[in-house]
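Engineer: Residue numbers are given in this note's numbering: position 282 of the sequence shown equals residue 360, and the series is strictly consecutive. The beta-carbon is built from N, C-alpha and C at its ideal position, and this holds for glycine as well. Given the structure is predicted, the values throughout are model-derived calculations rather than measurements.
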Amino acid sequence: MNDWLDPLLLSRWQFGLTTVYHFLFVPITIGLVVAVAIFQTAWVRSGKPVYLQLTKFFGTIFLINFAMGVVTGIVQEFQFGMNWSEYSRYVGDVFGAPLAFEGLLAFFLEATFIGLWIFGWNRLPQKVHLATIWLTAIGTILSAYFILAANAFMQNPVAYQMNEERGRAELVNIWELLTNPVALAAFPHTIFASFMVGAGLIISAAAWHLARNQHLESMRKALKFGLWAMVVSGILTSLAGDQLSLTMVATQPMKMAAAEATYDTVCGANASFSLFTLGTPDGSTELFSIRVPYLLSFLSTHTFDGCVEGLNDLQAEYSALYGPGDYTPIIWVTYWSFRWMIGLGVAHILVALVGLWVTRKGRLPKQRWIWNVAVWSFPLSLLAMSVGWIFTEMGRQPWIVFSLLKTESAVSPNVSGLDVLISLIAFTLIYGILAVVEVRLIIRAIRKGPPDVGEPDPETGRHEPATTVY
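#1: For His380, tell me which candidate among Gln321, Phe117, Pro85, Ile478 has the shortest Cα-Cα distance.
#2: Are Val489 and Pro85 close, meaning C-beta to C-beta below 8 Å?
#3: Have a look at Val327 and Met334 and give me their C-alpha separation to the nearest angstrom.
#4: Give me whichever residues DSSP pairs with Ala247 in a beta bridge.
#5: What is the rounded straight-line gap between the Cα of Pro491 and the Cα of Ala227?
#6: Please report how far the alpha carbon of Gly193 lies from the alpha carbon of Arg525, in whole angstroms.
#7: Three-state secondary structure (DSSP) at Ile478?
#8: State the Cα-Cα distance for the pair Gly278 and Thr107, rounded to the nearest angstrom.
#9: Could you name each continuous alpha helix (DSSP H) segment of 4 residues or more that falls completely within the segment 121-172, going from the start of the chain to the end?
#10: Between which two residues does the alpha helix (DSSP H) holding Asn229 run?
#11: Between Leu314, His287, Asn241, Ser459, which lies nearest to Leu442 when the distance is taken from Cα to Cα?
#12: For Val411, list the residues DSSP reports as bridge partners.
#13: For Ser272 versus Gly109, is the C-beta distance shorter than 8 Å?
#14: Are three or more beta carbon pairs between the segment 138-152 and the segment 302-318 nearer than 8 Å?
#15: Please say whether Leu305 and Val48 have beta carbons closer to each other than 8 Å?
#16: Going along the chain, which residues of its own chain have a beta-carbon closer than 6 Å to the beta-carbon of Tyr129, five neighbours each way excluded?
#17: Whole angstroms are fine: how far does the CA of Phe103 sit from the CA of Met419?
#18: Between the C-alpha atoms of Thr190 and Val111, what's the straight-line distance to the nearest angstrom?
#19: May I ask you to report which of helix, strand or coil DSSP gives Thr538?
#20: Counting only the same chain and skipping the five closest in sequence on each side, list residues whose C-beta sits under 6 Å from that of Val465.
#21: Below 8 Å between beta carbons: does that hold for Leu555 and Thr506?
#22: According to the neighbour-count rule (16 or more other Cβ atoms, all chains shown, within 10 Å of its Cβ), is Asn161 buried or exposed?
#23: Measuring only the C-alpha atoms, how far is Val98 from Pro105?
#24: Please tell me whether Tyr396 and Tyr405 are closer than 8 Å, where the distance is taken between their beta carbons.
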């Protein structure tokens with residue numbers, strides 16, 4: 079029973095639960111806000127009512143998701159003070175800087191212009207109103223960057239100096255912090271992956287209506303847009319991921335070794351990467367695998383004769399640097415989450431490629447199962463991002479700030495396991511209720527379909543929204 083009331087264990091579970099849950103809304107918000115901005119731009123430029131319908135339709139879903147993301151994101155801030163006060167004390171001066179930028183600059187920009195966009199229909203000039211949704215998108219993307227910059231410090235601490243008298247790290251260069259190589263590499267990978275998630279939702283919503291022969295004109299355009307967006311953003315995600323892997327090898331070689339369960343240092347042809355693997359749950363033994371020679375070496379160093387350090391060598395190196403201890407993450411978590419991230423993402427790209435083929439030249443498949451696959455494929459890229467985030471964070475363990483502060487040293491000293499357990503149960507129940515509300519609202523909005531935009535204005539010949547609120 080005492081193990082289950084361990085404050086460290088429960089605090090990690092609580093932060094993991096709230097982070098993964100909140101992160102479900104983030105990529106949908108980023109992906110949809112850009113799509114809505116594109117649809118509205120197409121409407122302003124062409125005057126075609128179909129693009130206004132798509133703007134309003136996916137704009138409604140975006141707003142539902144945005145609201146839920148804000149509610150769940152607030153909890154994240156509180157946990158640093160509640161369960162991780164030692165972390166906040168030790169590195170808060172550095173970690174708090176990009177969070178302050180996120181709240182005071184990015185979120186302020188985002189919240190201000192989303193309000194103008196919601197209530198500006200029929201009140202603001204068309205181009206000014208269009209600018210509000212683009213500024214909302216910019217604020218959303220900026221917000222993501224500042225969060226990633228804060229997280230990058232945990233992966234690769236830079237721009238600080240130790241104040242031995244106060245026993246904490248203090249910020250010395252904000253520009254160096256914001257241009258952390260890990261942040262610069264993680265940002266495009268995360269944003270392009272978020273576009274995949276947004277495209278996936280558009281594909282599923284459009285497929286649901288097309289399967290029922292509803293709203294054919296608008297949903298055809300939505301489907302085509304979603305399919306192409308999925309393929310293009312999928313390719314860009316892969317390319318950005320390749321650059322991120324190089325940065326990861328340079329800053330956290332233990333994480334890459336854990337991703338491939340490489341226990342001994344390998345070079346050249348021996349540094350193979352498994353495309354498909356069957357093995358023991360802990361990843362320590364392979365039963366069957368399809369391997370590509372040199373690929374792990376290429377992914378890690380961009381050369382075919384490069385070496386990838388193994389877990390055993392890195393463990394010995396870290397023990398010499400940081401003192402006795404186990405510096406390897408949980409291998410089966412990193413090993414399998416890395417593969418699920420890649421596999422689920424590739425699967426969604428393949429669904430989109432097949433979709434482009436079966437709908438070429440304006441065709442609509444008659445087989446209901448094809449539409450069902452499109453509808454139910456939505457979670458693929460979202461789950462890929464979630465397990466990718468788990469890989470990123472779990473692969474850093476046992477460090478909360480790599481090489482600087484261990485996770486076990488960051489937990490609040492005066493918070494009991496029972497206190498954390500009660501709040502963990504409360505968060506789980508509340509988040510479960512919110513999940514039901516979110517899913518029901520989005521499903522209802524999708525089933526309702528795009529709104530009727532009425533007749534064109536007799537003076538301008540253009541369609542205007544019939545209402546000012548959603």
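Structural biologist: Working from what's here:
#1: Residue Gln321 is the option with its Cα nearest to His380.
#2: Their beta carbons are under 8 Å apart, which means Val489 touches Pro85 by this criterion.
#3: 6 Å
#4: Met240
#5: C-alpha separation (whole angstroms): 27 Å.
#6: Answer to the nearest angstrom: the Cα atoms are 25 Å apart.
#7: strand
#8: 12 Å
#9: 127-160
#10: It spans 204-233 - the alpha helix (DSSP H) in which Asn229 sits, taken as one unbroken run.
#11: Ranking Leu314, His287, Asn241, Ser459 by Cα distance to Leu442 puts His287 first.
#12: DSSP, once it has assigned bridges, lists no residue as partnering Val411.
#13: yes
#14: no
#15: The chain is shown only over 79 to 548; residue 48 falls outside these bounds and no answer can be derived.
#16: Phe117, Ala120, Trp121
#17: 18 Å
#18: 15 Å
#19: Reliability fails at Thr538, whose pLDDT of 49 lies under 50, so the model's placement of it is uncertain and the value that follows must be treated cautiously. In this structure, Thr538 counts as coil in the three-state DSSP scheme.
#20: Ser415, Trp418, Met419
#21: What the structure shows of the chain is the stretch from 79 to 548, and residue 555 is not part of that stretch, so it cannot be assessed.
#22: The residue in question, Asn161, is buried, as its Cβ has 16 or more Cβ neighbours within 10 Å.
#23: One C-alpha to the other measures close to 12 Å.
#24: yes
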